[in-house]
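Below is one structure; the comments refer to it alone.
There are 2 protein chains.
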Amino acid sequence: MPHPEVIPALLLIADGLGDRYCPELGGRTPLEAANTPTLDRLAAEGETGLLDPIDVGVRGGSDTGHLSILGYDPYRYYTGRGPFEALGIGMDVRPSDIAFRGNFASLDASGIVIDRRAGRITEGTVDLAAALDGFECEGIVCRVKESIAHRCAVVLRGEGLSDQVGETDPHDEGAAPFHPLLPGADAAGQKTARVLQAFTRHSYEVLNDHPVNRRRREEGQPPANIVLTRGAGRSPDLAPFDAANNVHSACIVEVGLVKGIGRYLGMEVIDVPGATGGLDTDTDAIGRAVVAALRDHDFILCNVKGPDVAAHDGDPLGKREIIEKIDRMVAQILRGHGDRLVVTVTGDHTTACETGDHTGEPCPILFWGPGVRRDAVTAFGETACGTGSVHRIRGLAVVRILTSYMGAQEKYGA
Amino acid sequence: MPHPEVIPALLLIADGLGDRYCPELGGRTPLEAANTPTLDRLAAEGETGLLDPIDVGVRGGSDTGHLSILGYDPYRYYTGRGPFEALGIGMDVRPSDIAFRGNFASLDASGIVIDRRAGRITEGTVDLAAALDGFECEGIVCRVKESIAHRCAVVLRGEGLSDQVGETDPHDEGAAPFHPLLPGADAAGQKTARVLQAFTRHSYEVLNDHPVNRRRREEGQPPANIVLTRGAGRSPDLAPFDAANNVHSACIVEVGLVKGIGRYLGMEVIDVPGATGGLDTDTDAIGRAVVAALRDHDFILCNVKGPDVAAHDGDPLGKREIIEKIDRMVAQILRGHGDRLVVTVTGDHTTACETGDHTGEPCPILFWGPGVRRDAVTAFGETACGTGSVHRIRGLAVVRILTSYMGAQEKYGA
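Read top to bottom, the protein sequences are chains C and R. Per this note's numbering, residue 1 is the first one in the first sequence, and the count goes up by one each step. Per this note's numbering, residue 1001 is the first one in the second sequence, and the count goes up by one each step.
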């Protein structure tokens, strides 16, 4: 339940919102070219600026960007890709778990990796992962889950593990899998290496004659008969978001990786049917879910993935269109919930249609709601927000600003 | 060779660029008073702001400023002046070397320092340094090189050294040189003190009757018959610039100290005949060298020293003039290379004509090139850039911003 006098807040992340000037849009960014009467009104009535989600000039990801915007310094907590990869595909990852990124690969009879991606296998990996999931060794449980194509993630859970462990993936074909024992490893590192080595051998024993691979051989495809791992990371010990910020939060997000982060932070993750993560997503349904969640939560993280998807496709018109859908969604939320709401709209990184990838420029950001000052900016866009009175801030500051407006932040000092 | 799709970048440091309002220039800064059509065009077409090379309000040097702007935190890596003094006079300094600033001084027959600067000796120190260079003790080689006037630098190279070693320079005349052993020194500190003490004694033995000093005595000058050291520092272990930033760089700079830093960072240092480091420098030749270097490098650090020299001389008209030369040089580079270039222009610190020394105000900075946003600033100057949309950034961010625009920066996260 919300604190009685607290004003609820909506932190709306339009994924990959920032962009560059696009020739197709008359030299404007997709956000600048979009018809966004509601976002423009919030900018005009509130305060705007530029957000470096991680730090000035850093070309960040969705995971590092969201962590930072939620108040967790990625330079401190983003250790190894494994735990975030596993979170992203919906695995149950807990603090102190050791997690890896994995590949299903092809090993020949002499123990040599002949295809690191098992012919870029697309089907059957659900069954292969299930056949390995739950393997135990020295009191450690190994969880395995398939990801896209030949990818998977491996999570080790139990006492006495370490992230000081090497890769079994030799990174080159024609080589044998590496033994993961690192020189000078301590007892925990040695144990982790033994368990990972046992898991790797086990994966070959179980997968080599698995029906999926018998079928692949019949079809002339290389078998996906071993799991190779890399990117070991110890799942960081993160303070739960609600306790850290004195809020009761919910997470309505489209990106699996961000859902995973929300769950890891103890936020309530609300799934929305129709939220596809694409340009066709049902922003109406997302907006309704936000309004509903505001009835019994006081902090909503909402992420709409579409702007990033369009920019990765080099599609500024598509990006403009999904931004216009987001604008209508914000209007719908304000209609549904009313004005007693602090709103922040920004991106987790810039994704430039020009390059089709993330770039290091800051995202525009707006703050709106009771108590928020007003600056001279009257439109929500990269160029306009460059003159706003929020100036230029880092992601780590965003939740602090919101909880202050909410009236939820503990005083620091007397 | 440059990465095929990377956009090359020019980081142009006008040394000591920032300044204060000068009465001689109608209350404008030298940059504001200068006729700089090209820099103004880049400011108008790009993005501007203020740069604190090290941190807000810090009165920095060329060494600390360049280190920071190149992405190496001087608070972490600038340990003792010795290594940077030695780099600045062109010595070969390597990670883990222990380096000192030194003075040629005058010792009387009873072992008392009677002149810490040997009568501010100006001639013969090349020979004196050469006579000491290469001294060996306990497997350690001592390298010695003269600097300006009575100054020199000493570099110790070999196993088992420490920077926990005292000064032999007593800092007062009428005292004997100090023994450099520090109380509680560990084995490495003890060894370093023994070697330095042996070197100090050796310097007296070799120099006291050196022909340069026989001549000085005949002329009634105090002999330069001992080397006194201070400012011990361990040369820091810095990641090579190119590997750290995924670029192929070259360094076209006028300041010896900055050349030394470039060399230490593994950058290719290109010398330009006619680059004098003064107001008479051949900026045309520097510009040609930049254009040539851009053919087979993708990151050029260029430093023109003149603005700093003029400001140290309290000469705002001279500073204005060299800034106008730099403006013409930028036009020449763009004509020669074309527009496919990201350009940053700024200073490594402010040098105020009014005080004749470095001050802590930020420098103006501009970014221009493909992908760079545009703000409302249309002139390159301290006052104008105070309203730019880059706002206020620190030196450590500059190379990140550039490599993001270049398309050379690895993504941090997924």
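Using N, Cα and C, we set each Cβ at its ideal position, and we do this for glycine too.
Could you spell out the range, first to last residue, of the beta strand (DSSP E) harbouring residue i?
| i | result |
| --- | --- |
| R:Glu1136 | Phe1135 to Cys1137 |
| R:Leu1228 | Ile1226 to Arg1234 |
| R:Ala1105 | Ile1098 to Leu1107 |
| R:Asp1052 | Glu1047 to Asp1052 |
| C:Val390 | From DSSP, C:Val390 is part of no beta strand (DSSP E); its letter is neither H nor E. |
Taking the alpha helix (DSSP H) that residue i falls in, what are its first and last residues?
| i | result |
| --- | --- |
| R:His1066 | Ser1062 to Ile1069 |
| R:Asp1284 | Thr1283 to Ala1293 |
| C:Cys385 | Glu382 to Cys385 |
| R:Ser1404 | Val1398 to Met1406 |
| C:Ala275 | Note, C:Ala275: premise wrong, no alpha helix (DSSP H); not H, not E. |
| C:Ala175 | Segment: none, C:Ala175 is in no alpha helix (DSSP H) and carries neither H nor E. |
| C:Asp415 | Chain C is shown only over 1 to 414; residue 415 of chain C falls outside these bounds and no answer can be derived. |
Residue i by DSSP, collapsed to three states: which one?
| i | result |
| --- | --- |
| C:His337 | helix |
| R:Ile1007 | coil |
| R:Met1001 | Low confidence applies here, because R:Met1001 scores a pLDDT of 44, under 50, leaving its location unreliable; read the following figure in that light. It is coil, neither helix nor strand. |
| R:Asn1303 | strand |
| R:Gly1189 | helix |
| C:Ser110 | coil |
| R:Ala1414 | coil |
| R:Glu1123 | coil |
| C:Thr79 | coil |
| C:Ala198 | helix |
| C:Gln409 | coil |
| C:Leu182 | coil |
| R:Leu1017 | strand |
| R:Ala1153 | strand |
| C:Glu146 | strand |
| R:Pro1364 | strand |
| R:Val1258 | helix |
| C:Arg394 | strand |
| R:Arg1263 | helix |
| C:Arg28 | strand |
Which term fits residue i, buried or exposed, when burial requires 16 or more other beta carbons within 10 angstroms of its beta carbon?
| i | result |
| --- | --- |
| R:Ile1148 | exposed |
| C:Ser110 | exposed |
| C:Glu159 | exposed |
| C:Lys145 | buried |
| R:Asp1127 | exposed |
| R:His1358 | buried |
| R:Ser1235 | buried |
| R:Val1056 | exposed |
| C:Lys411 | exposed |
| R:Thr1351 | buried |
| C:Glu219 | exposed |
| R:Met1001 | Confidence at R:Met1001 is low in this model, with a pLDDT of 44, below 50, so the placement of that residue should be treated as unreliable; the coordinate-derived value is given next. Classification of R:Met1001: exposed, given that the 10 Å Cβ count is below 16. |
What are the residues that DSSP puts in a beta bridge with residue i?
| i | result |
| --- | --- |
| C:Cys353 | Beta-bridge pairing links C:Cys353 to no other residue. |
| R:Asp1115 | R:Ser1106 |
| C:His358 | C:Thr351 |
| C:Ala250 | C:Glu268 and C:Ile300 |
| C:Arg214 | DSSP lists no partner for C:Arg214. |
| C:Leu12 | C:Cys302 and C:Val345 |
| R:Ile1089 | Answer by DSSP bridge pairing: none, since R:Ile1089 is not bridged. |
| C:Ile140 | C:Cys137 |
Just to check, is the beta-carbon of residue i closer than 7 angstroms to a non-hydrogen atom of the ligand GTP?
| i | result |
| --- | --- |
| C:Arg335 | The ligand GTP is not part of the structure shown, which contains no ligands of any sort. |
Check: When Cβ atoms are compared, which residues of the region 1379-1398 of chain R fall closer than 7 angstroms to chain C?
Finding: Ser1389, His1391, Ile1393 and Ala1397
Item checked: Selection of the region 1171-1191 of chain R by Cβ proximity to chain C, strictly under 9 angstroms -> none
Note to self: If the cut-off is 8 angstroms on Cβ atoms, which residues from the region 352-376 of chain C count as contacting chain R, listed in chain order?
What the structure shows: Ala352, Glu354, Thr355, Asp357, His358, Thr359, Gly360 and Glu361
Note to self: Output needed in chain order: residues of the region 74-105 of chain C with a Cβ under 8 angstroms from some Cβ in chain R.
What the structure shows: Pro74, Tyr78, Arg81, Phe84, Glu85 and Gly88
Note to self: For the region 45-64 of chain C, list every residue whose C-beta sits within 8 angstroms of some C-beta in chain R, in sequence order.
What the structure shows: Leu50, Ile54, Asp55, Val56, Gly57, Val58, Arg59, Gly60, Gly61, Ser62, Asp63 and Thr64
Margin query: Under 7 angstroms, CB to CB, which of the residues in the region 257-271 of chain C have a partner in chain R?
Written below: Leu257
Checklist line | Under 8 angstroms (Cβ pairs) to chain R, residues found in the region 4-32 of chain C | finding: Arg20 and Tyr21
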